[in-house]
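Position 160 of the sequence shown, counting from 1, maps to 160 under the UniProt record's numbering, and the rest follow consecutively. Report on one structure; see the data block that follows.
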Amino acid sequence: MAEAHSAVAFSFTIDHDGVNINYDHDIFYAVWQSGVRSWRRRLTKFWNSIWTGAYPASPYSLLLIAIIVASYFKCDVSHGLIDFINSYFTDNAIVSTLVITAFYMCYTILLWLIFVNLVRFCVKSLFKYKGWMYEARTRKLSFKTKLWLAIISFIVKRKPQLYSFQGSLPNLPVPPLDKTMERYLLSVKPLLDEEKYKRMEVVAKEFASGIGKKLQRYLMLKSWWATNYVSDWWEEFIYLRGRGPLMINSNFYGIDAILVHPSKIQTARAASFIHSAFLFRRAIDRQTLKPIMAQNLVPLCSAQYERIFNTTRIPGIETDKLVHLDDSQHVVVYHHGRFFKVPVYYLGRLLTPAEIEKQLEKIVNDESEPQPGEKYLASLTAIERTVWAEAREKYFAKGLNKASLSTIEKAAFFVSLDDEEYDFDANNPNKLSEFGRAMLHGKGYDRWFDKSFNFIIAKNGRVGLNGEHSWADAPIMGHLWEFCLCTEFNNNAYTEDGNCVGEVRAKVLPPSRLKWDFSPEILELINSCTESSERAIADVDLRLLMHKAYGKGFMKKCRVSPDAYIQMALQLAYFKDCRKFSLTYEASMTRLFREGRTETVRPVTMESTAWVKSMIDPKATNEKRIELLRKACERHQLGYQDAMCGKGIDRHMFCLYVVARYLNVESPFLNEVLSEPWRLSTSQTPHGQTEMMDLKKNPFHISAGGGFGPVADDGYGVSYIIAGEDILFFHISSKVSSPETDSDRFRRHIEEALGDMKTLLETLFEDKSK
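Okay, here's the thing in C-alpha cells:
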C-alpha cells in the first residue's frame, strides 16, 4: 500500500474543463524536509571543517589578521602599493576599489593560512615527543617533560572537536632498519635453540646489509609522501585482498552488559540501540563527540570514525573494496528469514525509540514466510570472497536482486532479530559461551558479515554486535557500544513493562519487505554456502570465562601494569597447556600518529620465559619468582610503549615485504619472518572510551567485552577485558579439529595461572606486614 500511495502522490488529468492537477501535500513536505536536512548537514560539515582545519588556532584569528592587514593598507607605507595598483589597472575608482579589495582579501587569507599551518607545525612537533610515556613508567618526570606537559595542557584547554587534532598529529615514523633487526632477534631468541638463533642472526645481518637497505629507502620515500606508511597497505593486503571467509576468520564480536537486563522485550531494546547508534552518528557528523585523549592530554587519531556508519565491504574477484556513503536514513532488519527496510527518519527528524519500536513490532508480527532461498541468503557473505564476488556479479547485477542488495549495502547498519534466547547464568558458564558463539557467527546465515557492523538482539532482549574488521579496529566499535549501553542506562529508556519510553508522534511509512528473484542455480549455490558455513561453525570451540576472584584492584596493589600482569598469566597458562612457548601476538594501537591503527607487541621475551620457568621449577623461591615477574612485566610494558611510539617490529617488516613484492624482489628472510605462525593471539577489549558511565556507582553495568576466532588452525585466540576492580572476562577460541588445542582446557589453565599469581604475590604482602 505504501508503494501504491507513493505512485499516485502526483498526477494530472486533462478533460474538457482543462488540466486538473492532484498532488499529496505530505509527500512534497517530506521531500522539502529531506532537502532541508541534507543542506543543514552540508553546512554543518563545512563549518566544522573550518574549525577543525584551523585548530588549535581559531577562525577568529582570521578577523584579527584582517584588522592588522587593513591597518597596514591605511598607513603611509602602503600608499606606494595602492598607487601602483591604481596606475597599473585603471583610473576607474570602482574597478580600482574592487581590485584592491580582492588583493586585500587574498593577502589576508594567505597570511592566515601561513599562521594556521605554522601553529599546527609547532603543535605537531610537540606531539612527536614521547618521552612522557616512558617516564610515566618510572614515575620520575624530567624538566623537559614537565615543560612539555605545561605547554600541551595550555593547548588542549580549548575544547576540541572530534577531528580537531587530525592536522596536528605527527606521521608514523619508519624505524631504523638496524633497530628493527635488533628487536626482532631479541623477540625470537627465547623461541629458538642456539643453532637456529645463530643462523637467524646471519640471515638477518645479510638482509640488513643487502636488499634491506634498498627496501628501506623506498619505505622512507613513502613515509615522506603518505600520511601513514602502514595503514593503506595494511587495509589492502591484510584485509581487502584476503580471500578467506570473514565469518570467524576476520570479524569480531561484542556482548551485552550481562549483569543487568533492563528490558526483556526484543523490539524495545533493538529500538533503543538503533536510536542511540544514530545519535552517535549525529555526534560524529556534528563533531560534538570528544576525541579520545591519552592521559587526558595527548589526542588519539579519530580518522577511523569516518566509516563506522553507511559502510559496506563489497566482494571482488582479486580484492574487495570498501564503499562508504555520506548519508543513509534506513537500516535493514533480518527476522525469521526475511529482510526489511526500516526508515528511521521522518520529515528530516530522527524517530524516537518508541516510534522505532512500533516499526519493529510490525516486522515481528508479520507472519509472512521467507521466499525460497531468502532465509539463507546471507550465507553468501560468510564464504570465500571470490565465490561471493562471482555470485554477486552473476546474480545480483540487475533487476530485483540488484535493488534489494543495494538497499542492504546502503543501510546505515544491519540489525538481526534472532529467534533464540541468550543469557548469563553464574552457575552455568556454558550459557555465556553460547552467547559468545551466537555473536561471533550466529547460524552462518543470519548476519550480513559485509556490513561495517551488525546489531544482534535475542528474543529475550539480550544484545550483541558483530563487526567487520577492515574499515577500523575494535576500539572504535567499543566506543559506539559503550555509548549505546550508557545512553540506555542514563536515560531510563524503558517503562515498567519494558517498552520504550516516549510517544509515537508520527505516522511513518511502515517497513518494506525486500523482494528477490532467485533462479534454481543461485538456490543451489546458497544451499552449498550454507553447508560450508555450518561446517566452519562446527569447527569453532569458543569458551568464555568470568573471573571473579580478583581484578584490576589487586593488580594495582602489586604495582604492575594490569595488561602486563594478564599477559604473563596467559604465558603461564599456555606453557601449562602446551608445554612450550610459541610466538604470541598482542595488538597495540598506534593512534598517537595520524591514521594509525595497530602494531604487534610480542609478549614472549627472555624475561617472561624466565619467570614462567621459575613458576614450574619447584626449587625456585617466591622471592626470585616475584623479582622475575616484575622484570617480565616491566619488559612487556616497555615493548608495549615501543609499539605505540612507532618502534614496533611487525608492521615495519610487513611494509618492507610489500615493497619487495612491488619490486619483484625475493627476500628469504622476510618470507621466513612473515610465515611464522601466531599460535597464541591476544587482544584486550577496549573500554573506558566514554565518560557517560561511572562504574564505581554502577558496578554491575559492565560489558563482558568481546572476542574473535582462532588465528591459527592449531592455536588460540584470546580476548580479555578488565571489567572492574574485581572482574575479568576472557574469550578463548580454538578449532575443534586441532588435536593440540582445547578451549575449555585452556580456560581452566588461565584460572589456575591467575590463582598461582595471586598466591605468589600475597606472600609479598605477608612479608611486608611482618
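Here a beta-carbon is modelled for each residue, glycine too, at the ideal position from N, C-alpha and C.
| Query | Result |
| --- | --- |
| In chain order, which continuous runs of the beta strand (DSSP E) of length 3 or greater are located wholly inside the stretch 356-433? | 414-417 |
| Could you pull the start and end residues of the alpha helix (DSSP H) that Met200 belongs to? | Glu194 to Ser209 |
| Taking the beta carbon of Val77 as the centre, do at least 16 other beta carbons fall within 10 Å, making it buried, or is it exposed? | Any reading at Val77 needs caution, since the residue's pLDDT is 49, under 50, leaving its predicted position unreliable; the model's value is listed next. Val77 should be labelled exposed. |
| Beta-carbon separation of Met439 and Leu465 under 8 Å? | yes |
| Can you give the Cα-Cα distance for Ile356 and Leu377, rounded to whole angstroms? | 25 Å |
| How should Ser49 be labelled, buried or exposed, when 16 other C-beta atoms within 10 angstroms of its C-beta is the threshold for buried? | exposed |
| Within the stretch 526-555, note down every full beta strand (DSSP E) run reaching 3 residues or more, in order along the chain. | 540-547 |
| Figure out for me which residue from Asn171, Asp178, Val463 and Ile238 has the closest Cα to the Cα of Leu221. | Asn171 |
| Less than 8 Å between C-beta atoms, sequence neighbours within five positions excluded: which residues of the same chain meet that for residue 776? | Lying before the first or after the last residue shown, residue 776 is absent from the chain, which here runs from 1 to 770. |
| Exposed or buried, Leu728, counting other C-beta atoms within 10 Å across all chains shown (16 or more means buried)? | buried |
| Contact defined as beta carbons within less than 8 Å: I believe Leu240 pairs with Thr319. What is the distance between those atoms, to the nearest angstrom? | 5 Å |
| Please report the distance separating the alpha-carbon of Lys735 from that of His701. | 32 Å |
| Mapping the DSSP letters down to three states, classify Glu691 as helix, strand or coil. | Its pLDDT being 48, under 50, Glu691 is placed unreliably in this model, and the coordinates cannot settle the point. |
| Does DSSP put Leu728 in a helix, a strand or coil? | strand |
| What does the alpha-carbon distance come out to for the pair Phe449 and Ala620? | 50 Å |
| Would you check if the stretch 299-307 and the stretch 373-389 touch, i.e. whether three or more CB-CB distances between them fall below 8 Å? | no |
| Would DSSP call Ala54 helix, strand or coil? | helix |
| Roughly how far, in whole angstroms, is the beta-carbon of His261 from the beta-carbon of Gly436, given that I think they are within contact range, below 8 Å? | Actually they are not in contact, since the Cβ atoms of His261 and Gly436 sit about 17 Å apart, beyond 8 Å. |
| Applying the criterion that 16 or more other CB atoms from any shown protein chain within 10 Å of the CB defines a buried residue, is Ala753 buried or exposed? | buried |
| From residue 784 to Tyr72, what does the alpha carbon distance come to, in whole angstroms? | Outside the modelled stretch of the chain, which goes from 1 to 770, sits residue 784, for which no answer is possible. |
| With a Cβ-Cβ cutoff of 8 Å, do Thr53 and Gly167 count as a contact? | A small fix is needed here, since residue 53 is Gly in this sequence, not Thr. In this structure, Gly167 lies closer than 8 Å to Gly53 by Cβ. |
| Work out the CA separation of Met568 and Tyr716 for me, nearest whole Å. | 16 Å |
| Could you check what DSSP says for Val77 in three-state terms: helix, strand or coil? | Unreliable positioning characterises Val77 in this predicted model, as indicated by a pLDDT of 49, which lies under 50. The coordinate reading is nonetheless provided below. Helix, per DSSP. |
| Taking 8 Å as the threshold (C-beta atoms), are Glu135 and Ser272 in contact? | no |
| Between Asn251, Ser276, Leu186 and Gly553, which lies nearest to Gly444 when the distance is taken from Cα to Cα? | Asn251 |
| Under 8 Å: do the stretch 548-568 and the stretch 621-640 share three or more Cβ pairs, one atom per stretch? | yes |
| Suppose contacts are defined by Cβ-Cβ distances below 8 Å. Is Leu417 in contact with Phe424 by that definition? | no |
| Which residues bound the beta strand (DSSP E) around Met589? | Thr584 to Met589 |
| Count the CB pairs spanning the stretch 470-477 and the stretch 572-579 that are closer than 8 Å, and state whether there are at least three. | no |
| Just reading off the alpha helix (DSSP H) that Glu599 is part of, what are its end residues? | Note, Glu599: premise wrong, no alpha helix (DSSP H); beta strand (DSSP E) at Thr598 to Val601. |
| Mapping DSSP to helix, strand and coil, what is His335? | strand |
| Here's the rule: buried if 16 or more other CB atoms are within 10 angstroms of the residue's CB, otherwise exposed. What is Glu367? | exposed |
| To the nearest angstrom, how far is it from the Cα of Asp126 to the Cα of Ile152? | First, the amino acid is wrong: residue 126 is Leu here, not Asp. Distance between the alpha carbons of Leu126 and Ile152: 8 Å. |
| Quick one: any contact between the stretch 201-211 and the stretch 181-188, if contact means 3 or more CB pairs under 8 Å? | yes |
| If you follow the alpha helix (DSSP H) that Val659 is in, where does it begin and where does it stop? | Asp650 to Tyr662 |
| Kindly give me the distance between the Cβ atoms of Val415 and Phe455, rounded to whole angstroms, as I take these residues to be in contact under 8 Å. | 5 Å |
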